[in-house]
Amino acid sequence: MSEGTTLEGWAPQMGPGVSLEEVVDKAFDYRGNVTVVKTDGSETEGYLFNRNADAAVPFVQMFDLNGAGPYTIAYREIRTIRFTGRDTAAGNSYAAWLRAKEAARSGSAPPKGV
Amino acid sequence: MSVPVSQMWAVASYVVKQRLAGRKRYPLVLMLEPLFRCNLACAGCGKIQYPAQILRKHLTVEQCLAAVDECGTPIVSIPGGEPLMYPDIGPLVKELIARRKYVYLCTNAILLKEKLEAGLFTPSKYFSFSVHLDGLQEEHDEAVCRDGVYVQAVEGIKDALRRGFRVTTNSTLFDGASPLRVREFFDEVMSLGVEGMMISPGYSYSKAPDQEHFLRTQRAHDLFSRVLSDPKPRWRFNQSPLFLQFLMGKRDFECTPWGNPTYNVFGWQRPCYLLQEGYAATFKELLETTRWENYGRSSGNEKCRDCMVHCGYEPSAVHHTFASWRGFRDTVTATVTGRY
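Protein sequence lines, in the order shown, are assigned to chains A and B.
As numbered in my numbering, the first sequence has no gaps in its residue numbers, which increase by one up to the final residue, 114.
As numbered in my numbering, the second sequence has no gaps in its residue numbers, which increase by one up to the final residue, 1340.
In structure tokens:
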């Protein structure tokens, strides 16, 4: 994914080309709330702050929208993860900051999306 | 000499004990982040980019002390977030001092005067404010994206010094910094009467090609060489002189990512203060289950290629000091002469 784009709103379906491990990794890197949809149909919405694919039973950990937790969910219990919360990091990368600083110095407006 | 002898002795005896015990990996400074909340919103800072329910969370004093006891480092650094916004910062610092830990409270100092007037802290040889200043007024206010913060920080420093506190500064230097302005900044900071300064290069993870990586590293060496090659006698640095030589390109170290472990509301951060690749529930788990071979320049990890940050390389410098008589001699020489 290129800088400046966001996963906000993404609701992947697992299948060829989209693995659960990849979606978990993207959810782990995402600076916003996500909704974990479990195989039993239940859902947990909150911030996914940890994942361990190397554990004997691979798992993710998250705090819910009230900050309660951490809740541990095994990979095998996850059907999919929806990127439902606002991406709080969008446009706030270090590189974007440097570009904005440079634009401010030169007196021009920063590039769109920064 | 900018670090008190008692602190140097505490660190030296701790490192010698670890080496005599045959420990291959041991921590030196605990980075204890009781909260992510901050009263600034610096662009590029990842700490404040969390959803609201995470920014509202903070560790309890008991959780902090359990982490300190488990980790066992002689030095505890309290960054954040802004630690002066932590509701129990007074009791936490008091407990750490009672444990004879050398505490560095890293603050932007916006709230410093207010907290000092409230009598939250008592001066101690174990306790130092480490005030964030990224340059003179223009550069600092630009870095923190708010005018007036430099003036507030300087007022806080003066107030803390007047009340008898140890005060240091911590500064991140970025690409494009003017060596002359940095030297003026060092003069200005030392004229305030602080105990010493801490400096580190900014970190940027980028998928840049090798050529750019070389230039970045070389630019960092050039900058620090131009700033430090003719140091003024009044300058004092609250960090290893071998680390300063590393920044200047005079030495090469490998990263020690376990040297400054980080504990926060998510647990023990893997693998280091800068990279967030997961969390361990205990410090023991962090040490034993992190794939350390995947980090540091020699690993080939692109996230580590351009990194020269203190949290990975200052522990390497300290380790080097005690790894050989030559390392010890070089450290003593640089400390005594003030030449890097």
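All residues carry an ideal CB built from backbone N, CA and C; glycine is no exception.
Among the residues of its own chain, which have a CB less than 6 Å from the CB of residue i, if the five just before and after it don't count?
i        : result
S1128(B) : Y1104, R1166 and T1168
T39(A)   : E77 and R79
A1118(B) : none
T1262(B) : M1031, Q1269 and Y1273
K1115(B) : L1084
H1310(B) : S1200
Y1150(B) : Q1137, H1140 and D1141
L1120(B) : G1090
Quick check on residue i - is its C-beta less than 8 Å from some C-beta in chain B?
i       : result
A27(A)  : no
A56(A)  : no
T88(A)  : yes
R51(A)  : yes
L65(A)  : yes
R115(A) : Residue 115(A) lies beyond the residue range present for chain A, which begins at 1 and ends at 114; the question has no answer from this structure.
Y47(A)  : yes
G85(A)  : yes
A103(A) : no
A100(A) : yes
Any idea if residue i is buried or exposed, counting beta-carbon neighbours within 10 angstroms, 16 or more meaning buried?
i        : result
K1125(B) : exposed
K1284(B) : exposed
S1006(B) : exposed
L1065(B) : buried
R1023(B) : exposed
M1198(B) : buried
S1342(B) : With chain B represented from 1001 up to 1340, any question about residue 1342(B) goes unanswered, as that position is not in the structure.
Q1341(B) : Because residue 1341(B) is not part of the residues shown, which for chain B are 1001 to 1340, the question remains open.
W1268(B) : buried
D87(A)   : buried
R1234(B) : exposed
E1082(B) : buried
V18(A)   : exposed
W1258(B) : buried
Q1049(B) : buried
G1176(B) : exposed
V1318(B) : buried
S1171(B) : buried
S1130(B) : buried
Please list, in chain order, all residues of the same chain as residue i whose beta carbon is under 8 Å from its beta carbon, the five residues on each side excluded.
i        : result
H1221(B) : L1247, M1248 and G1249
G69(A)   : G46, Q61, M62 and F63
E1254(B) : G1296, R1297, S1298 and S1316
V1076(B) : V1029, L1030, L1032, V1068, L1096, K1101, Y1102, V1103 and Y1104
M14(A)   : L20, V23, R79 and T80
G1080(B) : E1033, P1034, L1035, F1036, R1037, C1038, K1047, Y1086 and C1106
Of all Cβ atoms in chain A, is any one closer than 8 Å to the Cβ of residue i?
i        : result
D1210(B) : No answer about D1210(B) holds up, because its pLDDT of 48 lies below 50 and its placement is not dependable.
A1043(B) : yes
P1079(B) : no
Q1049(B) : yes
Q1053(B) : yes
F1266(B) : yes
Once the 5 residues before and after residue i are set aside, which same chain residues still bring their CB inside 7 Å of it?
i        : result
P1209(B) : Residue placement at P1209(B) cannot be trusted, given a pLDDT of 48 that sits under 50; the coordinates are not used to answer.
K1207(B) : Confidence at K1207(B) is low in this model, with a pLDDT of 46, below 50, so the placement of that residue should be treated as unreliable; the coordinate-derived value is given next. Hits under 7 Å: E1302.
N33(A)   : E45, G46, Y47, L65, T84 and G85
G9(A)    : F83
P12(A)   : V18, V23 and T80
K1113(B) : E1155, G1156 and D1159
V1189(B) : L1133, T1169 and M1197
P1004(B) : K1125
E102(A)  : none
Against chain A, which members of the segment 1277–1293 of chain B pass a CB distance test of less than 7 Å?
Flagged, chain order: G1278 and Y1279.
Counting Cβ pairs closer than 8 Å, one from the segment 1326–1333 of chain B and one from the segment 1274–1290 of chain B, do we hit at least three?
No: the two stretches stay apart, fewer than three of their Cβ pairs being nearer than 8 Å.
Using a Cβ distance threshold of 8 Å, determine whether the segment 1009–1022 of chain B contacts the segment 1035–1051 of chain B, with at least three qualifying pairs required.
Output reads no: the segment 1035–1051 of chain B does not touch the segment 1009–1022 of chain B.
Just checking, does the segment 1049–1069 of chain B make contact with the segment 1084–1091 of chain B on the three C-beta pairs under 8 Å criterion?
They touch, by the three-pair rule.
Tell me which residues of the segment 1157–1169 of chain B have at least one Cβ-Cβ distance to chain A shorter than 7 Å, keeping chain order.
If the cut-off is 7 Å between Cβ atoms, the segment 1157–1169 of chain B has nothing near chain A.
The segment 1148–1164 of chain B / the segment 1174–1184 of chain B touching (three or more Cβ pairs under 8 Å):
Counting C-beta pairs closer than 8 Å gives fewer than three between the segment 1148–1164 of chain B and the segment 1174–1184 of chain B, which falls short of the contact rule.
Please name the residues in the segment 1017–1043 of chain B whose beta-carbon is closer than 8 Å to at least one beta-carbon of chain A, in chain order.
Answer set for the segment 1017–1043 of chain B: A1043.
According to a CB-to-CB cut-off of less than 7 Å, which residues of the segment 1052–1071 of chain B neighbour chain A?
Taking 7 Å as the Cβ-Cβ cut-off against chain A, the residues of the segment 1052–1071 of chain B that qualify are Q1053, I1054, R1056 and K1057.
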